[in-house]
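> Residue numbering for the sequence shown follows this note's numbering, beginning at 187 and increasing consecutively.
Think of the CB as a built atom: it goes at the ideal place given N, C-alpha and C, for glycine as much as any other residue.
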Amino acid sequence: MATQVEYNGKHIKADDFKGKKVIDREGIEYGTVKHIHINTDTLEVVGITVHKGLHKDHFLSRDYVDRFTEESVLLSSAPIRIDSQVVDIDGHKIGKIKRLHMAADTNELESIEVSAGLTSSRIFRTSEIWGVGEKVILRQTKDQYKNP
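Next comes the structure, spelled out in structure tokens:
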């Protein structure tokens, strides 16, 4: 005989989230949930894999997730992602993110590599980032980055 368990409505199966929209506070959709990552020791959610198009999956840690709803996953802040446009503090275009450099032990973002044309790129530490939204905004002007 199977045991029946009743929940108070605050529990949901992780499988139910596959394919649900991932949305930030500004209403920007980042893709859909591909996987939910769970710590095997604590059984807590540690992050999600977001799928956006062919070969465009990226991991978001639990720090980015505000809540899970029946329809979507709501983010507490906009994540930094590959192909995001990068601008200086005055809004002048610097380039696009081509690579994210993560800490091996914590999986936290350490720096971003920004392409500035066909052959050149530059690495910016997370401390050089002023804000994240539709674009990643750096703390200084374009001229200050060219002439440190």
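Check for me: the alpha helix (DSSP H) holding D329 runs from which residue to which?
Within the sequence shown, the letter at position 143 stands for residue 329. Run containing D329: K328 to K332, per the alpha helix (DSSP H) assignment.
> Just how far apart, CA to CA, sit V191 and L229?
If you number the sequence shown from 1, residue 191 lands on position 5. If you number the sequence shown from 1, residue 229 lands on position 43. Unreliable placement is indicated for V191, whose pLDDT of 46 sits below 50; no coordinate value is reported for it.
> Are the beta-carbon atoms belonging to I283 and V272 less than 8 Å from one another?
Within the sequence shown, the letter at position 97 stands for residue 283. Within the sequence shown, the letter at position 86 stands for residue 272. Contact: yes.
> Buried or exposed for D210, please, with buried defined as at least 16 other CB atoms from any protein chain shown within 10 angstroms of its CB.
In the sequence shown, counting from the first residue as 1, residue 210 sits at position 24. Its Cβ being crowded by 16 or more others within 10 Å, D210 is buried.
> Taking the alpha-carbon positions, what's the K279 to I198 distance?
Within the sequence shown, residue 279 is the residue found at index 93, counting from 1. Within the sequence shown, residue 198 is the residue found at index 12, counting from 1. The straight-line gap from Cα to Cα measures roughly 43 Å.
> So, is the C-beta of Q326 closer than 8 Å to a C-beta in chain D?
Although the question refers to chain D, the structure presented lacks it and comprises just one protein chain.
> So the beta strand (DSSP E) D249 belongs to, where does it begin and stop?
The residue you call residue 249 lines up with position 63 of the sequence shown. Element bounds for D249: n/a, residue is neither H nor E.
> If we count the other Cβ atoms within 10 Å of its Cβ and call it buried at 16 or more, is L240 buried or exposed?
For this step, residue 240 is matched to residue 54 along the sequence shown. With fewer than 16 other Cβ atoms within 10 Å, it is exposed.
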